[in-house]
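Asker: Top to bottom, those sequences are chains A and B. Each step along the first sequence adds one to the number in this note's numbering, with nothing skipped, and position 363 is 345. Each step along the second sequence adds one to the number in this note's numbering, with nothing skipped, and position 99 is 81. No residue lacks a Cβ here, since even glycine has one placed at the ideal position from N, Cα and C. Predicted, not measured: the structure shown is a model, and the values here were computed from it. Have a look at the structure that comes next, please.
Number of protein chains: 2
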Amino acid sequence: MSGKHTTRKQDYSKWYNELVQRADLAEHSDVRGCMIIKPYGFAIWERMKEVLDQKFKETGHSNAYFPLFIPKSYLSKEASHVEGFAKECAVVTHYRLKNADDGSGVVVDPKAKLEEELIVRPTSETIIWNSYRNWIQSYRDLPILINQWANVVRWEMRTRLFLRTAEFLWQEGHTAHATDQEAREETARMLEVYADFAEQYMAMPVVKGRKTESERFAGAEDTLCIEALMQDGKALQAGTSHFLGQNFAKAFDVKFADKDGKLEHVWATSWGVSTRLMGALIMSHSDDEGLVLPPLLAPIQVVGIPIYRSAEDLEKISEKFDLLRVAFKKKGISFKYDDDDNRRPGWKFSEYETKGVPIRLAMGPRDLENGNIEVARRDTKTKEIISFDGVEEFIERLLKEIQSNLFDKADNFRKEKTSEAPDFESFKKLVNKGGFVSAHWDGTEATENKIKEETQATIRCIPLDQKKETGVCVYSGAPSKGKVLFAKAY
Amino acid sequence: MSGKHTTRKQDYSKWYNELVQRADLAEHSDVRGCMIIKPYGFAIWERMKEVLDQKFKETGHSNAYFPLFIPKSYLSKEASHVEGFAKECAVVTHYRLKNADDGSGVVVDPKAKLEEELIVRPTSETIIWNSYRNWIQSYRDLPILINQWANVVRWEMRTRLFLRTAEFLWQEGHTAHATDQEAREETARMLEVYADFAEQYMAMPVVKGRKTESERFAGAEDTLCIEALMQDGKALQAGTSHFLGQNFAKAFDVKFADKDGKLEHVWATSWGVSTRLMGALIMSHSDDEGLVLPPLLAPIQVVGIPIYRSAEDLEKISEKFDLLRVAFKKKGISFKYDDDDNRRPGWKFSEYETKGVPIRLAMGPRDLENGNIEVARRDTKTKEIISFDGVEEFIERLLKEIQSNLFDKADNFRKEKTSEAPDFESFKKLVNKGGFVSAHWDGTEATENKIKEETQATIRCIPLDQKKETGVCVYSGAPSKGKVLFAKAY
């Protein structure tokens, strides 16, 4: 099977593009930059949403929904925000079509021109803070802890499925607080939620850190992030949590009366993860044969395949799998039994390997006779014959083992691929080899830009656990207060 | 409390608008026709989504996601579809803004004009069938059973929260089948899913029927619907399921090879319900005091309120409510304990009444002494003191009773408000009184239009359980094969 497909070594980027399509996760649409998320891909995203949504609710947040469209003038209200977001976006200028005079189809009706153009939301701070103005009068109305699951559009010229698309799905949290400190705590709390989700569910180790000023969200005073390392040695920003200070409250005139009746501007955060996580998940674990999914996010955790010649055999094997179906349901293990008579077992083995199903069970007449079943692991590609009795407990343990094995494997890879660069010559070599490079930086944007120009590496983050130490900048030789993490990135 | 608000009798429409806002369900945004669904309103919608999504999955459907934008030319491919949907829609013409030369903000960059305009989806048949063309080759690829949860936009000049908004949230199922019969069965199956949801969860009785040709979905060969009756005697279409024949397969050239290798066009259905259901839910049960929610869709099923003077009392009462919290959690009953010290019990009583919480529990020092608790029902506005022992079983039964009481009440109302009109004089009187009017119709669009012009009543549906009987049309006197259901409608 793998012979037919591009391998990671041959062309990592091509391997990824092929994999997304042959695992039936997503495809390009005819609309430039917009993807179609297919049922199997969407089932993984749904599982991610479900887990994240629960975590948001456990931390006190509620969901709401704000308009898709943002009046053009709103974008201009926060000075740095407009620079970051007003440029590449979808602009609605008309609200009606009419039949073409020549009968060739429909054309835009020039009479139906909007007085003010509407922007399809690239992010919702402006429309949301415009609403919060009416919702907040006193400290009693705070905090507001809202999340929205939505589609957003940022016009992109070069797109890749899940990683960079014009339209994508995401969640955006938007909270309002009475104090600077409370908003900063919220920013940190949500970063922890993201890090925990990435590590515990996606089995993807992440570095928690802070963006440099030049990499901050447009309108934020502080941007925290989680950064993951893909198998090609490139970093991927997997989630961000922003402390917005009073910037949007000032732009939209949102004030509250504190306990003494004094009017103050409200403090804000916003935080989000998107369908980009699908790209991160795929690239963290998959191999040349296909997708590898962590059990906690796999739509199908276990697949059962009967090997048979006669209808009698099939019936007996199906009875055994029926017992398993019941046992798995009780344990909350998602199971699919594939007895489709149109496909041969070999085809099915390959299909579920491509789709990354963590465990494959197979049973033939001899297994039946001996009271056995074959268990194959997707992550290690090992298989073994075990006794049918107690197989459900075995599978339950194995799913946990696979989940932690995937994390450990990715974690070891990241450790191996993280190095320290004492000088710029070694820095350049290490960056080219791929992986995280930890190095001293003088704290200036000028140096950051120079390094990017010369090596394509960017500062992924200033790690939250950065050791305070004096040193000299790997590029300029100027004094540095600590090492930061560089890498080439998605 | 009710004295301050418009009552249903005074002005039903104003009552509705006020209620949506004071129960904190939704509000208008600054963007014409687009609403903001607030957390409490969204929590009800989330519960609806959860139940419907499970029903879709149980009937074999998977979720997927298709692009927000539809190329203008796609809309023209199905002749009647374009007539129905291409007219009032949001048109994206540009993909970039730039800083205005005079520094006044941002303006549309005329250089960034799209070659072909994009339409914000009003419904997704066209973009989906354009994809299905590549997904379907053989009968083995069928059926395709896909649903999408999405936002859609239909430019509306006169909008009302939930009932008619430019942007709304909905689900749209789009299925592809090898045979006419299978597609018709799917159309009927999904209507049953909707009817079951409306009656079992929304406690809202519905009439299942078929739309007349003039009221069909643009592009459908048959449209089934569920119709509900609101308290003001107007009907509301609560869900539709369309048999699309081969119309979209022909428009987008989607063929499959059958078992004999013969190429045939694919058969299609589509079906949807939207946030309009929120309007139907509100108008079915609510009263002059506020919202009334069926327990199965209420975000908070039971609220507990302590009545106290001293901190000691509060502590003891809170201990009791803590026991209930644990018991309710075990039973899957959603419970909120409101011990907010900033608000008085009277304020809280009124607040949860407005928000339609089905059961309110209150406990004061005397109840504590006597081992009692006060239980108040939102639907009947009755209250009683019961023994604290066994209260959780009592509440569990009561929630079921409230659910069925709401249905029965709405069902009785509907029966009272459904009448038969033997002639046009009585027809006009009955229609004006409000409610469903069952009458003979000659089957022509001309008569349908005349009746609409003269009475504002439309044919809501030809009931699926219509009795086959000959008669004469209430308007034209021409022969009729059976009675249909008329009403003024939302």
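Using a Cβ-Cβ cut-off of 7 Å (strictly less than) and excluding sequence neighbours within five positions of Leu412 (chain A), which residues of its own chain qualify?
Answerer: The sequence position of residue 412 (chain A) within the first sequence is 430, counting from 1. Closer than 7 Å at the Cβ level, and outside the excluded window around Leu412 (chain A), lie Ser401, Ala403, Val419.
Asker: Starting from Trp111 (chain A), trace the alpha helix (DSSP H) both ways and give me its first and last residue.
Answerer: The residue given as residue 111 (chain A) occupies position 129 in the first sequence. 107 to 117 is the extent of the alpha helix (DSSP H) around Trp111 (chain A).
Asker: Does the distance from the CB of Ala68 (chain B) to the CB of Val88 (chain A) come in under 8 Å?
Answerer: To locate residue 68 (chain B), count along the second sequence from 1; it is residue 86. To locate residue 88 (chain A), count along the first sequence from 1; it is residue 106. Between Ala68 (chain B) and Val88 (chain A), the gap from beta carbon to beta carbon is short of 8 Å.
Asker: Take the Cβ of Trp329 (chain A) as the centre, count every other Cβ of all protein chains shown within 10 Å, and call the residue buried at 16 or more, exposed below.
Answerer: What you label residue 329 (chain A) is simply residue 347 of the first sequence in a count that begins at 1. It counts as exposed.
Asker: Excluding the 5 residues preceding and the 5 following Gly475 (chain B) in the sequence, name in chain order all residues of the same chain whose CB lies nearer than 6 Å to its CB.
Answerer: Because residue 475 (chain B) is not part of the residues shown, which for chain B are -17 to 472, the question remains open.
Asker: In chain B, which residues lie with their C-beta within 7 Å of the C-beta of Lys69 (chain A)?
Answerer: Sequence index remark: in the first sequence, residue 69 (chain A) carries index 87 (1-based). By Cβ distance, chain B contributes Arg78, Leu79.
Asker: Once the 5 residues before and after Val74 (chain B) are set aside, which same chain residues still bring their CB inside 8 Å of it?
Answerer: What you label residue 74 (chain B) is simply residue 92 of the second sequence in a count that begins at 1. So the qualifying residues of the chain are Phe51, Leu96, Glu99, Leu100, Ile101, Val102.
Asker: Run down chain A in chain order and give the residues with a C-beta less than 8 Å from the C-beta of Arg122 (chain B).
Answerer: Taking the first residue of the second sequence as position 1, residue 122 (chain B) is located at position 140. The contacting residues are Asn324.
Asker: Mind checking which residues open and close the alpha helix (DSSP H) that includes Asn394 (chain B)?
Answerer: In the second sequence, the residue the question calls residue 394 (chain B) occupies position 412. First-last of the alpha helix (DSSP H) with Asn394 (chain B): 373 to 398.
Asker: Looking at the unbroken alpha helix (DSSP H) that takes in Pro347 (chain B), where does it start and where does it end?
Answerer: On the second sequence, position 365 is the one that residue 347 (chain B) refers to. Pro347 (chain B) -> alpha helix (DSSP H) spans 347 to 352.
Asker: Straight-line CA distance for Arg474 (chain A) to Lys397 (chain A)?
Answerer: For chain A, the structure presents residues -17 to 472; residue 474 (chain A) sits outside this window and is missing.
Asker: So for Asn431 (chain A), helix, strand or coil by DSSP?
Answerer: Counted from its first residue, the first sequence places residue 431 (chain A) at position 449. Reduced to three states, the DSSP call for Asn431 (chain A) is helix.
Asker: Would you give the residue range spanned by the alpha helix (DSSP H) that Trp329 (chain A) belongs to?
Answerer: Taking the first residue of the first sequence as position 1, residue 329 (chain A) is located at position 347. From DSSP, the alpha helix (DSSP H) with Trp329 (chain A) extends over 327 to 336.
Asker: Would you mind telling me which residues of chain B sit closer than 9 Å to Leu50 (chain A), beta carbon to beta carbon, in chain order?
Answerer: Counting from 1 along the first sequence, the entry for residue 50 (chain A) is found at position 68. In chain order: Val13, Cys16, Leu50, Ala72, Val102, Asn133, Val135, Glu149.
Asker: What's the call for Gly85 (chain A), buried or exposed, on a 16-neighbour Cβ count within 10 Å?
Answerer: Reading the first sequence from its first residue, position 103 is the one you call residue 85 (chain A). Under this definition Gly85 (chain A) is an exposed residue.
Asker: Give the C-beta separation of His156 (chain B) and Ile110 (chain B) to the nearest angstrom, bearing in mind that I take them to be a contact with Cβ-Cβ under 8 Å.
Answerer: Along the second sequence, one-based indexing puts residue 156 (chain B) at 174. Along the second sequence, one-based indexing puts residue 110 (chain B) at 128. Contact flag correct, Cβ pair sits at about 5 Å.
Asker: Are at least three pairs of beta-carbons, each pair with one atom in the segment 158 to 165 of chain B and one in the segment 123 to 138 of chain B, less than 8 Å apart?
Answerer: yes
Asker: Starting from Val64 (chain B), find everything on chain A with Cβ-Cβ shorter than 7 Å and list it in chain order.
Answerer: As a working mapping, residue 64 (chain B) is identified with position 82 in the second sequence. Chain A residues near Val64 (chain B): Val88.
Asker: With DSSP as the reference, label His267 (chain B) as helix, strand or coil.
Answerer: The residue labelled residue 267 (chain B) in the question sits at position 285 within the second sequence. Correct three-state label for His267 (chain B): helix.
Asker: Three Cβ pairs or more, each shorter than 8 Å: is that satisfied between the segment 135 to 151 of chain B and the segment 7 to 17 of chain B?
Answerer: yes
Asker: Here's a check: name, in chain order, each residue in its chain whose Cβ is nearer than 8 Å to the Cβ of Asp371 (chain A), leaving out the five neighbours to either side.
Answerer: Working through the first sequence from its first residue, we reach residue 371 (chain A) at position 389. The residues are Gly353.
Asker: Any beta-carbon of chain B closer than 8 Å to the one on Leu263 (chain A)?
Answerer: As a first step, residue 263 (chain A) must be located in the first sequence, where it is residue number 281. For Leu263 (chain A), the answer is no, since every Cβ of chain B falls outside 8 Å of its Cβ.
Asker: Should Arg325 (chain A) be labelled buried (16 or more other beta-carbon atoms within 10 Å of its own) or exposed?
Answerer: Within the first sequence, residue 325 (chain A) is the residue found at index 343, counting from 1. By the neighbour-count rule (16 or more Cβ atoms within 10 Å), Arg325 (chain A) is not buried but exposed.
Asker: Where Glu181 (chain A) and Pro187 (chain A) are concerned, what is the direct C-alpha to C-alpha distance, given to the nearest angstrom?
Answerer: Taking the first sequence and counting its residues from 1, one reaches residue 181 (chain A) at position 199. Taking the first sequence and counting its residues from 1, one reaches residue 187 (chain A) at position 205. Whole-angstrom Cα-Cα distance: 5 Å.
Asker: What number of angstroms, rounded off, separates the C-alpha of Lys470 (chain A) from the C-alpha of Ala61 (chain B)?
Answerer: Translated into the one-based positions of the first sequence, residue 470 (chain A) becomes position 488. Translated into the one-based positions of the second sequence, residue 61 (chain B) becomes position 79. Each residue's Cα considered, the two are about 51 Å apart.
Asker: Going by alpha carbons, who is nearest to Ala22 (chain A) out of A:Gly417, A:Leu7, A:Thr205?
Answerer: To locate residue 22 (chain A), count along the first sequence from 1; it is residue 40. Per the sequence shown, the amino acid found at residue 22 (chain A) is Tyr instead of Ala. It is A:Leu7 whose Cα lies nearest to the Cα of Tyr22 (chain A).
Asker: Return no unless some Cβ of chain A is closer than 8 Å to the Cβ of Asn112 (chain B).
Answerer: Here residue 112 (chain B) is taken as the residue at index 130 of the second sequence, counted from 1. Asn112 (chain B) has a beta carbon lying within less than 8 Å of a beta carbon in chain A.
Asker: Compare the C-alpha of Gln228 (chain A) against each of A:Gly215, A:Lys216, A:Glu246 and name the closest.
Answerer: For the purposes of this step, residue 228 (chain A) is identified with residue 246 of the first sequence, where counting begins at 1. Nearest C-alpha to Gln228 (chain A): A:Glu246.
Asker: Can you give me the C-alpha to C-alpha distance between Lys244 (chain B) and Ala231 (chain B), rounded to a whole angstrom?
Answerer: Locating residue 244 (chain B) in the second sequence gives position 262, where the first residue counts as 1. Locating residue 231 (chain B) in the second sequence gives position 249, where the first residue counts as 1. Each residue's Cα considered, the two are about 16 Å apart.
Asker: Terminal residues of the continuous alpha helix (DSSP H) containing Trp27 (chain B)?
Answerer: Numbered from 1 along the second sequence, position 45 holds the residue referred to as residue 27 (chain B). 21 to 40 is the span of the alpha helix (DSSP H), which, as asked, contains Trp27 (chain B).
Asker: Judging by CA-CA distance, which residue of A:Asp424, A:Asp83, A:Asn431 is the nearest neighbour of Thr466 (chain A)?
Answerer: Against the first sequence, residue 466 (chain A) aligns to sequence position 484. Note on residue identity: the sequence assigns Val, not Thr, to residue 466 (chain A). The shortest C-alpha separation from Val466 (chain A) is found at A:Asp424.
Asker: Between the alpha carbons of Glu40 (chain A) and Asn129 (chain A), how many angstroms are there, rounded?
Answerer: Residue numbering aside, residue 40 (chain A) sits at position 58 when the first sequence is read from its first letter. Residue numbering aside, residue 129 (chain A) sits at position 147 when the first sequence is read from its first letter. Going from the Cα of Glu40 (chain A) to the Cα of Asn129 (chain A) covers about 13 Å.
Asker: For Ala72 (chain B) and Tyr77 (chain A), which I take to be in contact (beta-carbon distance under 8 Å), what is that distance rounded to the nearest angstrom?
Answerer: Position 90 of the second sequence, counted from the first residue, corresponds to residue 72 (chain B). Position 95 of the first sequence, counted from the first residue, corresponds to residue 77 (chain A). Confirmed, Cβ separation roughly 6 Å.
Asker: Out of A:Ile282, A:Leu275, A:Ile377, A:Ser120, which has the shortest C-alpha to C-alpha gap to Asp242 (chain A)?
Answerer: For the purposes of this step, residue 242 (chain A) is taken as the residue at position 260 of the first sequence. Among A:Ile282, A:Leu275, A:Ile377, A:Ser120, the Cα nearest to that of Asp242 (chain A) belongs to A:Ser120.
Asker: According to the neighbour-count rule (16 or more other Cβ atoms, all chains shown, within 10 Å of its Cβ), is Gln153 (chain A) buried or exposed?
Answerer: For the purposes of this step, residue 153 (chain A) is taken as the residue at position 171 of the first sequence. Its Cβ being crowded by 16 or more others within 10 Å, Gln153 (chain A) is buried.
Asker: Does the beta carbon of Phe24 (chain A) sit closer than 8 Å to a beta carbon anywhere in chain B?
Answerer: Your numbering for residue 24 (chain A) matches position 42 in the first sequence. Yes, Phe24 (chain A) lies at the interface with chain B (some Cβ there is under 8 Å from its Cβ).
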